Structures are given as structure tokens and as C-alpha cells.
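Participant: There's a structure below that I have some questions on.
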Amino acid sequence: MRKIVIAGNWKMYKTQAEGTEFLQGFMPTLEETPPDREVILCPPFTTLGILSKNLHGSRVQLGAQNLHWADAGAFTGEIAPAMLTEIGVRYAIIGHSERRQYFGETDETVNKRLKAAQKYGITPILCVGESKQQRDAGETESLIISQLEKGLVDIDQNNLVIAYEPIWAIGTGDTCESKEANRVIGLIRSQLSNPDVPIQYGGSVKHDNIDEIMAQPEIDGALVGGASLEPASFARIVNYK
Ligand SMILES: O=C(CO)COP(=O)(O)O
396 MRKIVIAGNW
406 KMYKTQAEGT
416 EFLQGFMPTL
426 EETPPDREVI
436 LCPPFTTLGI
446 LSKNLHGSRV
456 QLGAQNLHWA
466 DAGAFTGEIA
476 PAMLTEIGVR
486 YAIIGHSERR
496 QYFGETDETV
506 NKRLKAAQKY
516 GITPILCVGE
526 SKQQRDAGET
536 ESLIISQLEK
546 GLVDIDQNNL
556 VIAYEPIWAI
566 GTGDTCESKE
576 ANRVIGLIRS
586 QLSNPDVPIQ
596 YGGSVKHDNI
606 DEIMAQPEID
616 GALVGGASLE
626 PASFARIVNY
636 K
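Residue numbering for the sequence shown follows the working numbering, starting at 396 and increasing by one per position.
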């Protein structure tokens, strides 16, 4: 049985005060949420601590947006896995396209971060996806297969989530057509040794397209950016029909 996993990626939004305010609006809405849905919030590092305190004993899990592969060391600006597990972080987004595009993340460093997450019992959410240019050139399949082959070397597929996030659909309002997302996610699944790895779709997921996205048989959840910042909107997504 594949798990349903819905995660909010807050990116570089929400101070501690704003994160706390979000929870006040969001938490009561979970009363309607079926228990089999894993709900995750991935705030900026400085907001993780206060969310950890406020979410203690709740069903919402905490995720980080990145982590370093070393146990500790002289890596200015990075965060070690043990610093995250200490405050109750259970998931980490790894290889988001914004990290690949702006911060020099490669499939090789993605692989190291995935291994480090698993070493500390953190479930990594590996992001893969093509740019508009790659899609137009007919390279979607080969690019994704290559990202998976290189990223998943020596990775335990029993403690893994994958997110298919076509770059051209991120923050653009230009959602990938749900049948097309379903097709690519099926391709991703065909590359895995464990068919039960949950595979999310990400890219302009909103309250008004989540039902259609989740109706697709291959899609096991969503990685939500902008629409996870507002309690009512994220609640509607988590409580999809
Ligand atoms: O990058 C994303 C989630 O990781 C998607 O962002 P949007 O939902 O804002 O398009």
C-alpha cells in the first residue's frame, strides 16, 4: 500500500511569528482529514524550532528544505542532519530545482544528501523534473531517468519519497496537465526497485486542481509551494476529495 504524502514547502517564507499564526488557522482543519494522509510542513530552518514545539503530539510532521551530508564540520551556511533530528524533523526536501538552479546542487551532491538523511533516519523527499527547454526538446524522460539513476545510487528505497516537479510549472500557475503528470510519475515508478515509494506531484498545486491531481492513479500526494502558505488554502489541499 502506497502512503499518501502531502507536504507544504514554505521556501523562504514565514518568520517564527508567521509560522505560529499559520498553525492557529490550520490545525483545527485537520479534524476533517482522513488519518491515512501524511501531512508535512517544511518551513525555513529558523522556524523549525517553534513549529516543533507547537506540533508536538499532533499528526503533522516536520520537514527541512535541505541538509548537509557531513555529520558536522566547517561548512558555513549549511545544516547538519543531527541538528534537525534533535528538534524532531522527520523529512527533508533534497534536490529541489531551486537548489539545483541557484545553489549549484548536482545529482552527485543530491545523492550525498539523500544518504546522509537516511543515515539519520530522516525520510528524504527527492525532487526531480525538467525545464521548459528540456521538455520542448523532448528530453523529459531521459533527464528524469538520469536524475533518478545518479541520485539513487546506494539509496534505501524503503525510506524515500519522490516528488515530480516540472520546473516550468513551479510558481507559474501553469500546472502540468494531470494526465501528463500521471504519465511521468508512472515512468518514475517504473525505474524504482520498490514500487511502493510514494511519488508526489509539485508545481502550481492549488485548492482548485488538487482533486483532479489526486484522482490520478499514479500520484500519491503533492509538494505544495505558494498554496501552502495560507491556512485555508493548504487545508483544502490536505482535505482533497
Ligand atoms: O516548488 C514547489 C514545491 O516544492 C511548487 O511551488 P508552487 O506550488 O508555488 O508552484
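Built from N, CA and C at the ideal position, the CB exists for glycine as well.
In this text the structure is predicted, and so the values were computed from the model without any measurement.
Between the beta-carbon of residue 529 and the beta-carbon of residue 538, is there less than 8 angstroms?
Facilitator: The residue labelled residue 529 in the question sits at position 134 within the sequence shown. The residue labelled residue 538 in the question sits at position 143 within the sequence shown. Against a cut-off of 8 angstroms, the Cβ pair of residue 538 and residue 529 comes out as a contact.
Participant: Report yes if the CB atom of residue 600 is closer than 8 angstroms to the CB atom of residue 617, and no otherwise.
Facilitator: Your numbering for residue 600 matches position 205 in the sequence shown. Your numbering for residue 617 matches position 222 in the sequence shown. Yes, they are a contact pair.
Participant: For residue 339 and residue 434, what's the separation of their Cα atoms in angstroms?
Facilitator: Nothing can be reported for residue 339, as the shown portion of the chain is limited to 396 through 636.
Participant: Closer than 6 angstroms between the C-beta and any heavy atom of ligand 1: which residues qualify, listed along the chain?
Facilitator: Working through the chain, the matches are 404, 491, 560, 565, 566, 597, 598, 599, 600, 618, 619, 620, 621, 622.
Participant: Under the DSSP definition of a beta bridge, which residues are partnered with residue 519?
Facilitator: Start at 1 with the first residue of the sequence shown, and residue 519 comes out as number 124. Note: residue 519 sits in a beta bridge opposite 487.
Participant: Under 8 angstroms, with one C-beta from each stretch per pair, do the segment 577–589 and the segment 501–517 reach the 3-pair mark?
Facilitator: Output reads no: the segment 501–517 does not touch the segment 577–589.
Participant: For residue 552, does the count of other Cβ atoms within 10 angstroms reach 16, so buried, or fall short, so exposed?
Facilitator: Numbered from 1 along the sequence shown, position 157 holds the residue referred to as residue 552. Looking at its Cβ environment, which holds fewer than 16 other Cβ atoms inside 10 Å, residue 552 is exposed.
Participant: Tell whether a beta-carbon distance below 8 angstroms holds between residue 474 and residue 447.
Facilitator: For this step, residue 474 is matched to residue 79 along the sequence shown. For this step, residue 447 is matched to residue 52 along the sequence shown. The answer is no: Cβ separation not under 8 angstroms.
Participant: Could you check whether residue 459 and residue 479 sit closer than 8 angstroms to each other, using their CB atoms as the reference points?
Facilitator: Numbered from 1 along the sequence shown, position 84 holds the residue referred to as residue 479. Numbered from 1 along the sequence shown, position 64 holds the residue referred to as residue 459. Contact: yes.
Participant: Once the 5 residues before and after residue 428 are set aside, which same chain residues still bring their CB inside 6 angstroms of it?
Facilitator: If you number the sequence shown from 1, residue 428 lands on position 33. Result list for residue 428: 633, 634, in chain order.
Participant: Helix or strand or just coil, what does DSSP make of residue 595?
Facilitator: As a first step, residue 595 is located in the sequence shown; it is residue number 200 there, counting from the start. Three-state result, residue 595: strand.
Participant: Would you report the Cα separation of residue 580 and residue 548, rounded to the nearest angstrom?
Facilitator: Here residue 580 refers to the residue found at position 185 of the sequence shown. Here residue 548 refers to the residue found at position 153 of the sequence shown. Taking the straight line joining both Cα atoms gives about 19 angstroms.
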